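Position one of the sequence shown corresponds to residue 255 (my numbering), numbered consecutively onward. Worksheet for the structure shown next.
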Amino acid sequence: MTFVLAIDQGTTSSRAILFDQDMKICGISQKEFTQHFPNSGWVEHNAFDLLNTTLETCRNVISDVGINPSEIAAIGITNQRETTIIWDKSTGQPIHNAIVWQDRRTSEMCETLRAGNHEDM
């Protein structure tokens, strides 16, 4: 039998869902992670929290259902919009926490662009 693994790395949790060949759900694993609010309007995530909770949920659902990873025919991935992480090319380490799509630290800059008729940028 073959399976499809769906990975949903969301704003407050990571989730993995395993479907069988008839697209019936065989198992679900979900793990929440901490959101950080260092200043008013700022929203950040630890990049390794995103990675580790995603890996953990995938491992858990595969183990819970009792399949071999080689039985997974396809993987679909969805993520949390425009959340951004910058990784150091040399070290593979994140340069900063992920800046979450809900973050408002650039709202003043956006308003200036909008006021100057640069909204299409």
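Ideal Cβ positions, reconstructed from N, Cα and C, are used throughout, including at glycine. Keep in mind the model is a prediction, meaning the values are calculated, not measured.
Own chain partners of residue i with C-beta closer than 6 angstroms, once the 5 adjacent residues on each side are dropped
i      : result
Ile329 : Leu259
Gly281 : Leu272, Val315, Asp318 and Val319
Extent of the continuous beta strand (DSSP E) run through residue i
i      : result
Ile316 : Run containing Ile316: none in the beta strand (DSSP E); it sits in the alpha helix (DSSP H), Ala301 to Val319.
Ile326 : Ile326 to Thr332
Residue i to residue j span [Cα, whole Å]
i      : j      : result
Leu305 : Arg359 : 24 angstroms
Gly320 : Phe257 : 12 angstroms
Ile339 : Glu365 : 24 angstroms
Thr345 : Asp262 : 26 angstroms
Ser294 : Ser283 : 32 angstroms
Glu362 : Lys343 : 30 angstroms
Met277 : Ala369 : 48 angstroms
Trp296 : Ile279 : 36 angstroms
Cut-off 8 angstroms between Cβ atoms - residues of its own chain near residue i, not counting five sequence neighbours on either side
i      : result
Glu373 : Leu367
Phe302 : Pro348
His299 : Phe287, Thr288, Gln289, His290, Thr337, Asn351, Ala352 and Val354
Trp341 : Ala301, Gln347, Pro348 and Ile349
Own chain residues within Cβ distance below 7 angstroms of residue i, not counting five before or after
i      : result
Lys285 : Ser267, Ser268, Thr307, Glu310 and Thr311
Gly264 : Gln334
Met255 : Asp274, Gln275 and Glu325
Extent of the continuous alpha helix (DSSP H) to which residue i belongs
i      : result
Thr366 : Ser361 to Ala369
Quiz item: Quick one: any contact between the region 314 to 325 and the region 333 to 342, if contact means 3 or more CB pairs under 8 angstroms?
Solution: For the pair of segments examined, the region 314 to 325 was found not to touch the region 333 to 342: the number of CB pairs separated by less than 8 angstroms stays below three.
Quiz item: Is there contact between the region 280 to 300 and the region 346 to 363, where contact requires at least three CB pairs shorter than 8 angstroms?
Solution: Yes, the region 280 to 300 is in contact with the region 346 to 363.
Quiz item: Are three or more beta carbon pairs between the region 264 to 272 and the region 310 to 321 nearer than 8 angstroms?
Solution: The region 310 to 321 and the region 264 to 272 touch, with three or more beta-carbon pairs separated by less than 8 angstroms.
Practice problem: Tell me the start and end of each unbroken alpha helix (DSSP H) in the region 256 to 308 that is at least 4 residues and wholly inside, in chain order. | Solution: DSSP runs (the alpha helix (DSSP H)) wholly in the region 256 to 308: none.
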